[in-house]
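One structure below.
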Amino acid sequence: MIKSFFTFLIVLFILSGCKSLQKTQQKNDSKEAQTKVDSTKIKKDTVQIVLKDTIQTQEEVTLKIHPKQPDTISVIGVGDIMIGTNFPNDGYLPPDSGKYMLSSVAHVLRDADLTFGNQEGVILNEGGEAKSCSDPSLCYIFRSPEHLAQHYVEAGIDLMSLANNHAGDFGDTGRKNTMRVLDSLGIHHAGQLARPFTIFEHERIKYGFVAFSPNNGTQSINDLEAALGLIQHLDTLTDIIIVSFHGGAEGKKYQHVTREREFFYGENRGNVYEFSHEMIDAGADIIFGHGPHVARAIEVYKNRFIAYSLGNFATYGRFNLRGENGLAPIAKVWIREDGSFIKGKIISAVQKGAGVPEIDVNHGAAQKIKELTESDFPESKILIDPEGNIRYIQDQF
1 MIKSFFTFLI VLFILSGCKS LQKTQQKNDS KEAQTKVDST KIKKDTVQIV LKDTIQTQEE
61 VTLKIHPKQP DTISVIGVGD IMIGTNFPND GYLPPDSGKY MLSSVAHVLR DADLTFGNQE
121 GVILNEGGEA KSCSDPSLCY IFRSPEHLAQ HYVEAGIDLM SLANNHAGDF GDTGRKNTMR
181 VLDSLGIHHA GQLARPFTIF EHERIKYGFV AFSPNNGTQS INDLEAALGL IQHLDTLTDI
241 IIVSFHGGAE GKKYQHVTRE REFFYGENRG NVYEFSHEMI DAGADIIFGH GPHVARAIEV
301 YKNRFIAYSL GNFATYGRFN LRGENGLAPI AKVWIREDGS FIKGKIISAV QKGAGVPEID
361 VNHGAAQKIK ELTESDFPES KILIDPEGNI RYIQDQF
């Protein structure tokens with residue numbers, strides 16, 4: 001009995017010691033774990049503060065492993081713009097300071113990353129060296145007062161060509177003031193010999209814009225070597241190159257792209273087909289043509305968009321706008337960041353009254369360009385539907 005009692009005491013003592021040892025070990029383990037947590041927290045906080053740049057670099061590395069899809073860029077082009085002239089008198093200015101001139105189409109023009117138009121004539125309140133003309137009433141030279149140019153900004157116009165046959169209507173005074181006014185409004189421009197091209201950045205994309213015409217004081221469409229040099233230069237500095245040209249014969253009889261050199265009133269108006277292809281071969285991405293005062297065909301060459309003439313767009317008071325002369329196509333193009341064509345749309349507008357553009361629900365401009373494209377470029381890989389949507393016949397990529 002005594003032996004059994006002592007055996008019980010020994011077992012009880014051993015169990016008590018084990019329990020105490022277990023509590024001590026648990027306490028030590030808990031302290032060690034808390035120390036590790038605190039240490040980790042301090043270390044993590046330190047890493048976040050000290051290695052903030054490293055964290056950003058890791059994000060950049062992740063982007064390289066899973067690169068961001070390139071953005072789609074939308075660009076709009078329209079043709080000739082002259083929204084009122086005070087020469088030969090104020091009777092050729094729109095009423096109400098021209099406030100309504102672009103209001104009906106402004107929502108369309110603003111709906112793109114960039115919007116282009118051709119400034120026909122000069123921006124100048126008065127004076128300048130007017131072109132010689134025996135009968136001012138029959139002399140078609142244009143001087144738009146400065147206040148009208150504000151409507152360009154309100155309508156969302158970002159780029160303007162100053163290379164055309166009316167850029168020198170009022171001599172150097174007109175040329176310089178036009179550039180000054182557009183600069184003051186933040187509208188990029190090109191085409192004068194004083195500024196044949198411009199480079200600018202928009203939404204992290206660097207653009208080059210260059211404009212040509214066959215006229216004195218502008219970058220010549222007929223000097224192909226110089227033109228190629230400009231495109232090649234811009235190609236080394238920019239992501240997207242937009243080209244404008246004022247070329248080709250004028251009027252309804254000259255709606256077709258002949259693929260030959262065109263002359264009008266004895267003036268060499270260029271071979272716009274050859275010129276456009278050469279520009280794209282050299283690195284251009286979008287080409288907007290104008291000059292004939294009527295719409296012409298479009299083409300996609302080497303996955304790059306060409307509009308051979310966008311005709312008249314907003315030409316107030318002094319232009320023949322009867323029939324097809326009054327069509328005012330708006331070409332909207334979607335491209336990739338490398339400049340390649342994705343899709344497009346001819347949004348139809350028509351000039352009403354003395355020359356106010358309005359959206360045409362009958363799609364007249366789109367149907368005309370569709371007809372001309374099918375006639376002039378039967379080998380084309382694009383289709384234009386009756387509402388003006390432009391797409392490849394089959395996916396090119």
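full-length UniProt numbering numbers the first residue of the sequence shown as 1 and each following residue consecutively.
For glycine and all other residues, C-beta sits at the position ideal for the given N, C-alpha and C.
Where residue i falls, given that 16 or more other Cβ within 10 Å makes a residue buried
i, result
"residue 161", "buried"
"residue 274", "exposed"
"residue 377", "buried"
"residue 215", "buried"
"residue 389", "exposed"
"residue 202", "exposed"
"residue 263", "exposed"
"residue 251", "exposed"
"residue 291", "buried"
"residue 280", "buried"
"residue 362", "exposed"
"residue 312", "buried"
"residue 386", "exposed"
"residue 226", "exposed"
"residue 368", "buried"
"residue 373", "buried"
Expected contact under 8 Å - CB spacing of residue i and residue j to nearest Å
i, j, result
"residue 298", "residue 306", "6 Å"
"residue 148", "residue 84", "6 Å"
"residue 360", "residue 349", "6 Å"
"residue 209", "residue 221", "Wrong, their Cβ atoms sit about 15 Å apart, outside the cutoff."
"residue 118", "residue 244", "7 Å"
"residue 234", "residue 197", "6 Å"
"residue 346", "residue 328", "Contact flag wrong, Cβ pair sits at about 11 Å."
"residue 335", "residue 284", "Actually they do not touch by this definition, with Cβ atoms about 12 Å apart."
"residue 98", "residue 166", "That belief does not hold up - the Cβ atoms of residue 98 and residue 166 are roughly 18 Å apart, past 8 Å."
"residue 106", "residue 156", "6 Å"
Residue nearest to residue i in terms of C-alpha spacing, selected from the options
i, options, result
"residue 121", "104, 164, 114, 302", "164"
"residue 342", "381, 372, 360", "381"
"residue 126", "279, 177, 364, 240", "177"
"residue 101", "315, 391, 378", "315"
"residue 184", "76, 153, 73, 139", "153"
"residue 108", "245, 134, 75", "75"
"residue 175", "276, 144, 201", "144"
"residue 87", "112, 128, 81", "128"
"residue 319", "249, 308, 81", "81"
"residue 112", "90, 77, 118", "77"
"residue 324", "191, 364, 272", "364"
"residue 278", "230, 312, 179", "230"
"residue 271", "283, 284, 257", "257"
"residue 322", "171, 182, 90, 351", "351"
"residue 103", "133, 336, 356, 91", "356"
"residue 115", "142, 79, 97, 159", "159"
"residue 265", "294, 333, 249, 186", "249"
"residue 131", "123, 124, 142", "142"
"residue 366", "206, 110, 157, 294", "294"
"residue 371", "255, 93, 289", "255"
As assigned by DSSP and simplified to three states, the class of residue i
i, result
"residue 90", "helix"
"residue 97", "helix"
"residue 124", "coil"
"residue 314", "strand"
"residue 276", "helix"
"residue 190", "strand"
"residue 290", "strand"
"residue 236", "coil"
"residue 167", "coil"
"residue 252", "helix"
"residue 162", "coil"
"residue 74", "strand"
"residue 175", "helix"
"residue 295", "strand"
"residue 104", "coil"
"residue 358", "strand"
"residue 231", "helix"
"residue 322", "coil"
"residue 130", "coil"
"residue 283", "coil"
Counterpart residues of residue i in DSSP-defined beta bridges
i, result
"residue 304", "301"
"residue 209", "198, 242"
"residue 392", "382"
"residue 80", "118, 312"
"residue 353", "Bridge partners of residue 353: none, in fact."
"residue 346", "331"
"residue 109", "Its beta-bridge partners do not exist; DSSP assigns none."
"residue 341", "335"
"residue 268", "263"
"residue 144", "123"
"residue 220", "213"
Heavy atom of the ligand HEM within 7 Å of residue i beta-carbon
i, result
"residue 382", "Looking for the ligand HEM in the displayed structure turns up nothing, as the structure carries no ligands at all."
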